[in-house]
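Chemist: Residue numbers (my numbering): 7 to 141.
Have a look at the structure that comes next, please.
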Amino acid sequence: MKTKRLLDSYAVLAYLNGEPAAEAVEQAMKDAEDSGSSLLMSEINIGEVYYILSRKRGPEKADYFFDTILKGLPIEGLPVDFSLILQASRLKAKYPLSYADCFAAAQAIRSEASILTGDPEFKAVEELVTIEWLA
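If you want it as structure tokens, here you go:
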């Protein structure tokens, strides 16, 4: 069985900004399309990308991103329920991760997915979840 993969905000922002890691994210998207599956992403992290884009590029660009995520990219937004909030909060209490990153980690644990990221904060939870490091 192929491993599920989850994108964090770092991965999507690298892709949208054309950073060096964009090529690996693009390949992950192609692999997902070829296999008929989706890359996973917490709705919290989708919101994080939205507000970062809105601050840096304006609300119109952020709205375009949101429409693209929902319609054009092989990304499945995963909803957040109360048990996931508690799991993310427990991670935040124990590990030096941003709150949004805790949702990515909690979703990856719940979904048995690896996280695609280049964010060094995730080194703190490598014992809990598989990290696919982006260059």
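Idealized CB from N, CA, C, for every residue including glycine.
Could you compute how far the alpha carbon of M7 sits from the alpha carbon of N23?
Modeler: Low confidence applies to M7: its pLDDT is 49, below 50, so where it sits in the model is not reliable, and the reading given next is rough at best. Near 32 Å, if we compare the C-alpha coordinates of N23 and M7.
Chemist: Closer than 8 Å is the cut-off here; do at least three beta carbon pairs connect the stretch 44 to 59 with the stretch 14 to 28?
Modeler: The answer is yes - the stretch 14 to 28 touches the stretch 44 to 59, with three or more Cβ pairs under 8 Å.
Chemist: Can you check which of these residues, A106, Q93, K10, is closest to M35 by C-alpha distance?
Modeler: Answer by Cα proximity: K10.
Chemist: Who are the Cβ neighbours of E82 in its own chain at under 8 Å, not counting the five residues just before and after it?
Modeler: Hits under 8 Å: S44, L45, L46, M47.
Chemist: Would you say A141 and A27 are within 8 Å of each other, going by their C-beta atoms?
Modeler: Result yes, Cβ atoms of A141 and A27 sit closer than 8 Å.
Chemist: Give the straight-line distance between the Cα atoms of F72 and R61, rounded to the nearest whole angstrom.
Modeler: So the alpha carbons of these two residues sit roughly 14 Å apart.
Chemist: Is A130 near Y101, with beta carbons less than 8 Å apart?
Modeler: Result yes, Cβ atoms of A130 and Y101 sit closer than 8 Å.
Chemist: So D125 and D107 are supposed to be a Cβ contact under 8 Å. How far apart are they, rounded?
Modeler: Right, their Cβ atoms sit about 7 Å apart.
Chemist: How is the alpha helix (DSSP H) around G53 delimited, first residue to last?
Modeler: Run containing G53: 49 to 63, per the alpha helix (DSSP H) assignment.
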